[in-house]
Amino acid sequence: MAKVLRAVAMERCIGCYACMMACARLVHGSLSWSRSGIYVRSVGGLTAGFEASYCLACPRPPCVAVCPTGALTERPGGRGVRYQRELCLRCAACVGACPVKAIRQDRETLEPVVCLHCGRCVPFCPHACLAMVAMD
Amino acid sequence: MENNHHPPLTIMIVDLERGACRLQKREDLREKMGGSSLAAALYREYGQPGEDAFAPGQPLIFAIGPLTGYYPLMSKVVLGFKSPYSGDYVETHAGGRLALALRFSGLDALIIRGQSPRPVYLVLGDNHFACKEAGHLWGMDAGITARTIRTSEPQGRGQRSILRIGPAGENLVKYACINVDTFRHFGRLGAGAVMGSKKLKAVMVSGSRSFPLPGDGKEYRQVYRQIYQRITGSGAMAKYHDLGTPVNVLVLNGLHSLPTRNLSATTFEGAEQISGEYFAEKLLLRQIACSGCPVGCIHIGLLREKFGPEHEYYYKQVSYDHEPIFAMGSMLGLAPGEAVMLLLDEAEKWGLDVISCGVALAWATEARAAGLVGEAETLVPLAFGEVELYRRAIAAIATRPNEFYRLLGEGTAAAAARYGGAEFACVLGQEMAGYATGPVFFVSQALGFRYSHLDSAGYQLDQQKKPELAQALVYLEKEERQRLMLTCLVACLFARNIYDEETVATALSAAGFAGLAQDLEGRFSLLQRERWQIKKESGYDPSRISIPLRFQEVKTLQGPMDTAFMEKLRSAYAEKIAGY
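If you read the sequences in order, they're chains L and Y.
Just so we're aligned: the first sequence equals residues 662 to 797 in our numbering.
Just so we're aligned: the second sequence equals residues 11 to 590 in our numbering.
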């Protein structure tokens with residue numbers, strides 16, 4: 662069955678950034694805490710805990726709707742979106758369209774960085790805040 | 011050569027007098043690795059070893075290392091500076107987010123020099139630099155300062171590092187700390203006072219650069235995974251996450267090694283109530299981590315205080331560890347944990363090194379009981395176990411309302427020199443850390459590079475059977491060299507059992523530093539010697555350091571002190587350091 666990434670227990674997050682750095686390392690071939698499909702940050706200082714932004718795999722994704730070139734397309738089965746680098750204009754329309762700010766424009770490449778729901782970050786979370794969850 | 015992958019080191023040099031910065035590219039400094047040895051080399055270049063610690067030209071040198079961000083627990087920053095407390099070149103280390111914020115700003119070191127004509131704060135990172143007016147922040151406590159900066163500065167929200175001082179730093183208290191990201195500190199030896207002398211209230215660092223992986227990335231990913239699994243899978247780090255460092259409280263108490271009531275005793279009847287177990291069961295809210303560390307050793311406790319006649323409470327989150335608990339707990343004869351938390355929060359707000367603050371107050375309490383000082387000096391009738399009095403005394407150390415508190419803010423030994431009581435001043439280079447284990451620890455802190463329990467861990471040797479002199483000397487030198495290797499990378503010392511020499515060589519090589527991975531022992535023997543030389547150039551003289559009488563009288567786990575052995579070790583270790 663198709664699965665998608667879900668931050669199921671962010672109240673357990675310790676803010677280590679291991680998930681983001683795993684995405685950067687394993688998906689994007691980078692040492693980075695920004696080039697990542699999941700984006701963890703503190704919300705009002707470290708006393709207030711952490712939240713995670715990542716693609717929620719919307720039905721009828723608004724990022725796809727605004728993409729002028731078709732670089733972003735919907736994956737079958739509601740598993741988020743597919744990104745085709747060679748079609749992308751770097752216009753960042755998708756960045757503005759995402760209702761949960763889960764797409765970030767890379768500072769250096771100007772490409773959108775979006776979660777692929779591949780699950781490679783999950784084993785690097787020391788507190789099982791993240792999980793791959795079966796679609797309904 | 012080894013280094014096809016990495017560009018030269020990038021050093022940012024800030025001049026506070028002009029409110030400007032410049033960048034320097036330095037391939038020649040690569041052989042210094044990073045962290046401790048990089049900071050020392052930069053001090054040799056930019057420091058003023060013969061000048062006062064508050065001389066405007068003295069630098070604060072923040073350094074990360076070649077592996078910062080590349081592997082788990084490579085998460086610390088070394089700050090090298092001339093200490094206003096000890097008057098020589100020292101280091102203090104901190105975690106939090108700063109190490110990764112510097113890495114992803116593309117900076118290997120940040121040097122801050124000069125003195126601003128007015129209070130300022132710095133906002134800097136990979137694509138921005140500003141030196142801003144901080145008149146509105148001057149006088150604010152360390153927590154509110156950061157809150158104000160978070161609100162007014164947009165860069166890197168939720169993923170940035172904010173260093174700041176409290177009023178103690180502004181008032182040049184010689185053990186004022188720098189608070190890092192609310193829960194961590196460049197705690198010891200007065201780095202906060204140096205910031206204060208420069209009229210620098212805060213520094214915010216945020217960066218979001220990305221770097222290509224070394225080589226084809228394959229070997230690096232594999233080594234990363236192996237190290238990550240050893241750290242999270244083996245239970246090797248469990249104690250740091252579980253109860254955290256306060257696990258030591260009951261252990262040391264059981265070993266007759268928990269400094270109590272100004273080290274007049276080494277067991278504390280209230281130990282249960284300030285133990286790691288007590289904190290975990292009653293007060294622990296959660297653990298968090300330094301960026302880049304999956305362990306999460308930062309224990310955050312709940313401080314809940316009634317402030318009104320009805321059911322009116324406020325709550326705060328306060329981090330706790332063994333050292334703060336010993337200093338504000340057993341050393342002051344104070345329990346339970348709730349009371350200790352109140353004092354930790356107080357020291358935090360004013361921006362004081364909590365260890366020095368607690369130990370200084372323990373001396374003041376005994377000095378008062380001995381009639382050396384009266385209420386005209388102490389302003390409150392200091393007595394062991396009295397939380398409210400200590401709370402007011404902490405504020406007095408930070409605000410320096412009279413000659414007594416002014417001197418106490420120069421250090422316990424400075425106050426004892428004026429009022430008497432030097433024999434019971436618990437000072438080993440600086441106020442003692444929380445291990446009354448015996449002679450090796452006492453000597454190792456008194457003479458250590460940063461006058462710290464972390465320099466060479468003498469307390470471990472004290473816990474083994476009574477060592478021979480030669481064995482103790484070899485141990486101290488070797489332990490210090492191994493710790494220097496870690497603090498050049500810059501690793502957290504909690505990972506010392508993970509990052510042995512072989513693992514470090516593999517990790518360096520996989521991260522694209524094959525050249526640096528060669529002959530680590532030889533390289534660090536040289537760097538160890540060089541770092542001591544730089545300290546000695548700045549005024550350090552090991553032959554001048556003595557160990558107060560209290561440390562000779564105390565009963566430790568080995569029973570009554572072998573004072574002859576301690577003196578022999580002190581003199582032999584001092585001679586060894588003098589020979590570097």
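Note that the Cβ used here is the ideal one computed from N, Cα and C, for glycine as well.
A quick note: this is a predicted structure, and the numbers were derived from the prediction, not measured.
Closer than 7 Å to the CB of L707(L) there is at least one CB belonging to chain Y. Contact of G690(L) with chain Y by beta-carbon distance below 8 Å involves P222, L223, G227. Non-local beta-carbon contacts of A299(Y) in its own chain, meaning distances under 7 Å to residues more than five positions away in sequence, involve V305, G306, I308 in chain order. Only residues of its own chain outside the window of five on either side were considered, and among them L352, L353, E356 have a CB closer than 8 Å to the CB of R401(Y), listed in chain order.
For S703(L), the enclosing beta strand (DSSP E) begins and ends at 700-703. With its beta carbon less than 7 Å from one in chain L, C303(Y) belongs to the interface. Judged by their CB atoms, I71(Y) and A109(Y) are not nearer to each other than the 7 Å cut-off.
Apart from sequence neighbours up to five positions away, the residues of its chain that approach T513(Y) with a beta-carbon distance below 8 Å are I237, ordered along the chain. Distance check between A795(L) and each of C779(L), I764(L), A758(L), C728(L) places C779(L) closest, using alpha-carbon atoms only. Excluding residues up to 5 positions away in sequence, P94, Y95, G200, A203, G419, E420, G421 lie with their Cβ nearer than 7 Å to the Cβ of K184(Y) in the same chain.
Residues P94, L182, A203, V204, S207 of the same chain have their beta carbon placed closer than 8 Å to that of F64(Y), with the five preceding and five following residues left out of the count.
The straight-line gap separating the alpha-carbon atoms of P760(L) and A663(L) is approximately 23 Å.
DSSP, reduced to helix, strand and coil, places K326(Y) within a strand of the structure shown. Residues of the same chain with a CB within less than 7 Å of the CB of T276(Y), apart from the 5 flanking positions on each side, are H266, S267, L268, P269, T270, A446, V564, K565, T566 in chain order. Less than 7 Å separates the beta-carbon of R781(L) from that of L687(L). Taking a 10 Å sphere around the C-beta of S691(L), we find 16 or more other C-beta atoms and assign the residue as buried. I298(Y) has a beta carbon lying within less than 7 Å of a beta carbon in chain L. For the options E282(Y), Y288(Y), E279(Y), the alpha carbon positioned closest to that of L253(Y) is the one of Y288(Y).
By the CB criterion at 7 Å, L438(Y) and A427(Y) fall outside the cutoff. The Cβ atoms of K211(Y) and L147(Y) lie closer than 7 Å to each other.
Taking the beta carbon of Y80(Y) as reference, the chain L residues within 9 Å of it are L692, listed in sequence order. Contact of E769(L) with chain Y by beta-carbon distance below 9 Å involves R219, S220. Here V669(L) carries a coil assignment [DSSP, helix/strand/coil]. By the rule that beta-carbons nearer than 7 Å mark a contact, I675(L) touches chain Y. Distances from the alpha-carbon of K42(Y) to those of L530(Y), W373(Y), A186(Y) put L530(Y) closest. Between V665(L) and L293(Y), the alpha-carbon positions lie close to 37 Å from each other. Of the candidates A668(L), E747(L), G731(L), A668(L) places its Cα closest to the Cα of G698(L).
Neighbours of T242(Y) across chain L, judged by C-beta separation under 7 Å: P787. Within the model, the alpha-carbon separation for A726(L) versus R751(L) is close to 16 Å.
Chain-order list of chain Y residues neighbouring R746(L): empty, with the shortest C-beta distance near 16 Å, by a criterion of under 9 Å. Under a criterion of Cβ atoms nearer than 7 Å, no residue of chain Y is adjacent to Y715(L); the nearest Cβ is some 14 Å distant. Contact of A753(L) with chain Y by beta-carbon distance below 9 Å is absent, the smallest such distance being about 16 Å. In the three-state reduction of the DSSP assignment, N189(Y) falls in the strand class.
Taking a beta-carbon distance threshold of 7 Å, R702(L) counts as an interface residue toward chain Y. At a cut-off of 7 Å between beta-carbon atoms, A679(L) makes contact with chain Y.
Taken through DSSP and simplified to helix, strand or coil, A423(Y) comes out as helix.
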